[in-house]
Structure formats: structure tokens, C-alpha cells
Amino acid sequence: DAMVIQNPRYQVTQFGKPVTLSCSQTLNHNVMYWYQQKSSQAPKLLFHYYDKDFNNEADTPDNFQSRRPNTSFCFLDIRSPGLGDAAMYLCATSRDAGQGLDEQFFGPGTRLTVL
Amino acid sequence: DAKTTQPTSMDCAEGRAANLPCNHSTISGNEYVYWYRQIHSQGPQYIIHGLKNNETNEMASLIITEDRKSSTLILPHATLRDTAVYYCIVRVGFRGQNFVFGPGTRLSVLP
Numbered sequence: 001d002a003m004v005i006q007n008p009r010y011q012v013t014q015f016g017k018p019v020t021l022s023c024s025q026t027l028n029h030n031v032m033y034w035y036q037q038k039s040s041q042a043p044k045l046l047f048h049y050y051d052k053d054f055n056n057e058a059d060t061p062d063n064f065q066s067r068r069p070n071t072s073f074c075f076l077d078i079r080s081p082g083l084g085d086a087a088m089y090l091c092a093t094s095r096d097a098g099q100g101l102d103e104q105f106f107g108p109g110t111r112l113t114v115l
Numbered sequence: 116d117a118k119t120t121q122p123t124s125m126d127c128a129e130g131r132a133a134n135l136p137c138n139h140s141t142i143s144g145n146e147y148v149y150w151y152r153q154i155h156s157q158g159p160q161y162i163i164h165g166l167k168n169n170e171t172n173e174m175a176s177l178i179i180t181e182d183r184k185s186s187t188l189i190l191p192h193a194t195l196r197d198t199a200v201y202y203c204i205v206r207v208g209f210r211g212q213n214f215v216f217g218p219g220t221r222l223s224v225l226p
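Chains A and B supply the protein sequences, listed in that same order. Under our numbering, the residues of the first sequence are numbered 1 to 115, in order. Under our numbering, the residues of the second sequence are numbered 116 to 226, in order.
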């Protein structure tokens, strides 16, 4: 089945140690998104790619970077994780087929723990 | 900020219809209403969306008032698996346009 895959599902890192989370999709969607979801809060958009065009949300910290080497893969890099970056990180894709036709499909998420 | 308001939590008896309201009084003419749900420890799941007409799919029905200032998501026969946080979102629906998730409604389906 076509899907959004996130690896790993659980990631533990140390304070200040760079970490990369990965997302892949078999849907061939042209838009990919990264969200951060802290405990008991709603998901919050960090940035998205429209094809290779990167779009950063205004309040996303510089500590968060992203790469999209091809249509299928997108990476979230956290350069120096702090304790406050512990969260669930969600990847999503959409097709951008026209107005109102771009529902987002989410992966299962990667839960990041910072020690 | 989210453009919608929803009740914090609701209960529903298993097998009964679950009616989840959403207020979006500042919705613009070209904004759609989307509904997603998030089961514990999973990614959000798309349910349904609409512009002004009522919509129905295999999961749910969406009823939008004539003035479009509010809507109701209906799960016709709720099951225990429908226990989740339900998010109502309004957006134009073009690519990349931010999905701003509000706090949502925590629906508990009770046996």
C-alpha cells in the first residue's frame, strides 16, 4: 500500500548531539511537511517542501533544518537538540492537485527523547 | 492561531452517532473545512473536508451550516476504535498552506 514511512519510530539522543529523522513516501506526492507535536499539544508545522522549493515557518528555530534529496525522501536535522525539543515529529505529504484537493497524509511519527 | 473553536472533550456511547461541533465564524469564502483525527501515539488521519455543501464518505458525514460559520462532523455508529482527538481546521486548500491545528476535541467512545 502507498504510504508515508518514518524511521526510526523512537529516537534517543543526547543534549547537543545532532540527530536526523527520516521520512519516505510511496505516494509520489510533490509536497512534504514536517510537524512537531509536544506532549498533549496539537501538531505545529515547522516547514514544508513543494518539490524542491523549501518553505520555512517564521517561528521555526534555526536549530531545525531539512533536506529533500528527491521526491520520495525528506530529512529533518536537529543540529543541537535541547531538552525542549523532545517531541513527536510527524511527516506528512500532499498531492497539490488543486484547491481543496490537497488533504495531507501523515506518517506514524518519530518520538524523540533528549537526555 | 487556529481559526476554529471546539469543545475540549466529549463522550459517546458505542453504537450511537457521535456529533462533533466546530465553530469557524471568521471563515472566508474560499476556505475549506477539514477534519482530521489522531488516535493515541499515531499520526493524524484525514477524515473529510468540504466547502459549503454537506459531504459524506465511508468514515463520516460533514454538515456545514448555510452561513458556513459552523460545522458538525458525524460518525454514524461510533466504535471504541473511534476514540481519538478530532481536529477541525479551516484553510484555503492550496499547496503548502498551513494546517493550523487547534487543541481539538477528545472523543471518548464508551462501551
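Ideal Cβ placement from N, Cα and C applies to all residues, glycine included.
Fill in: DSSP three-state assignment for D59/A, whether helix, strand or coil
Taking the first residue of the first sequence as 1, we reach residue 59/A at position 59. The answer is coil: DSSP assigns D59/A none of H, G, I, E or B.
Worksheet item: Which residues in the same chain as P108/A place their Cβ atom closer than 7 Å to its Cβ, once the five residues preceding and following it in sequence are excluded?
Response: For this step, residue 108/A is matched to residue 108 along the first sequence. Cβ neighbours of P108/A beyond the five flanking positions: Q6 and R9.
Practice prompt. Compare the C-beta of Q104/A against all C-beta atoms of chain B and say whether one is closer than 8 Å.
Written response: Looking up residue 104/A in the first sequence gives position 104. Yes, its Cβ sits closer than 8 Å to a Cβ of chain B.
Discussion item. According to DSSP, is G130/B part of a helix, a strand, or is it coil?
Written reply: Along the second sequence, one-based indexing puts residue 130/B at 15. Looking at G130/B - three-state DSSP - the assignment turns out to be coil, as it is neither helix nor strand.
Discussion item. Quick test of your reading: Y147/B and R183/B, contact by CB under 8 Å. State the CB separation rounded to the nearest angstrom.
Written reply: For the purposes of this step, residue 147/B is identified with residue 32 of the second sequence, where counting begins at 1. For the purposes of this step, residue 183/B is identified with residue 68 of the second sequence, where counting begins at 1. Rounded, the Cβ-Cβ distance is 10 Å, inconsistent with contact.
Worksheet item: If we cut at 8 Å on Cβ distances, does H155/B have a partner in chain A?
Response: Counting from one through the second sequence, the residue named residue 155/B turns up at place 40. Among the CB atoms of chain A, none fall inside 8 Å of the CB of H155/B.
Practice prompt. May I ask you to verify whether the region 81 to 94 of chain A touches the region 135 to 149 of chain B, counting CB pairs closer than 8 Å and requiring at least 3?
Written response: Taking a contact to require three or more Cβ pairs closer than 8 Å, the region 81 to 94 of chain A and the region 135 to 149 of chain B do not qualify as touching.
Worksheet item: Helix or strand or just coil, what does DSSP make of R196/B?
Response: Against the second sequence, residue 196/B aligns to sequence position 81. In the structure shown, the three-state DSSP call for R196/B is helix.
Worksheet entry | Host beta strand (DSSP E) of V31/A (start-end) | Locating residue 31/A in the first sequence gives position 31, counting from the first residue. For V31/A, the enclosing beta strand (DSSP E) stretches over residues V31 to Q37.
Practice prompt. List the residues that DSSP assigns as beta-bridge partners of S176/B.
Written response: One-based indexing of the second sequence puts residue 176/B at position 61. Beta-bridge pairing links S176/B to T171/B and I189/B.
Practice prompt. Return the Cβ separation of F75/A and T60/A in integer angstroms, given the expectation that the two are a contact with Cβ distance under 8 Å.
Written response: In the first sequence, residue 75/A corresponds to position 75, counting from 1. In the first sequence, residue 60/A corresponds to position 60, counting from 1. At roughly 15 Å, the Cβ-Cβ gap does not stay under 8 Å, so F75/A and T60/A are not in contact.
Discussion item. With a threshold of 8 Å between beta carbons, is P43/A in contact with chain B?
Written reply: On the first sequence, residue 43/A is found 43 positions in, with the first residue counted as 1. By this cut-off, P43/A is an interface position.
Worksheet item: From A132/B, R152/B and T198/B, pick the residue whose C-alpha is nearest to that of H192/B; which is it?
Response: Locating residue 192/B in the second sequence gives position 77, where the first residue counts as 1. That would be A132/B, whose Cα lies nearest to the Cα of H192/B.
Discussion item. Which residues of the region 140 to 154 of chain B have a Cβ closer than 9 Å to any Cβ of chain A? Give them in chain order.
Written reply: The residues in question are N145, Y147, Y149, Y151 and Q153.
Fill in: Alpha-carbon to alpha-carbon, E181/B and N168/B
Translated into the one-based positions of the second sequence, residue 168/B becomes position 53. Translated into the one-based positions of the second sequence, residue 181/B becomes position 66. Spanning the two alpha carbons is a distance of roughly 9 Å.
Worksheet item: Roughly how many angstroms lie between the CA atoms of D51/A and D96/A, to the nearest whole one?
Response: As a position in the first sequence, residue 51/A is number 51, starting the count at 1. As a position in the first sequence, residue 96/A is number 96, starting the count at 1. Cα to Cα, the separation comes out at about 10 Å.
Discussion item. Assuming contact is defined by CB atoms lying nearer than 8 Å, are D197/B and L177/B in contact in what I supplied?
Written reply: In the second sequence, counting from the first residue as 1, residue 197/B sits at position 82. In the second sequence, counting from the first residue as 1, residue 177/B sits at position 62. The Cβ atoms of D197/B and L177/B lie no closer than 8 Å to each other.
Worksheet entry | Beta-carbon contacts of L45/A that lie in its chain and below 6 Å, excluding the five residues immediately before and after | As a position in the first sequence, residue 45/A is number 45, starting the count at 1. If we look at L45/A and ignore the five residues flanking it on each side, its Cβ neighbours are Y35 and E57.
Fill in: Under 9 Å from the C-beta of L46/A: neighbouring residues of chain B
In the first sequence, residue 46/A corresponds to position 46, counting from 1. Near L46/A there are no residues of chain B at all, since even the closest Cβ is about 11 Å away, more than 9 Å.
Worksheet entry | Cβ-based neighbour list, A199/B, same chain, cut-off 7 Å, excluding 5 preceding and 5 following | Here residue 199/B refers to the residue found at position 84 of the second sequence. A distance below 7 Å between beta-carbons, with the five flanking residues on each side excluded, links A199/B to the following residues of its chain, in chain order: R152, Q153, I154 and L222.
Discussion item. According to DSSP, simplified to helix, strand and coil, what is L83/A?
Written reply: Within the first sequence, residue 83/A is the residue found at index 83, counting from 1. It is helical.
Discussion item. With H, G and I counted as helix, E and B as strand and the rest as coil, what does DSSP make of H139/B?
Written reply: The residue labelled residue 139/B in the question sits at position 24 within the second sequence. Coil at H139/B, not helix or strand.
Worksheet item: Short check: CB of F105/A to CB of L27/A, under 8 Å?
Response: Residue 105/A sits at position 105 when you count from the first residue of the first sequence. Residue 27/A sits at position 27 when you count from the first residue of the first sequence. It is a contact, given that the beta carbons lie within the stated cut-off.
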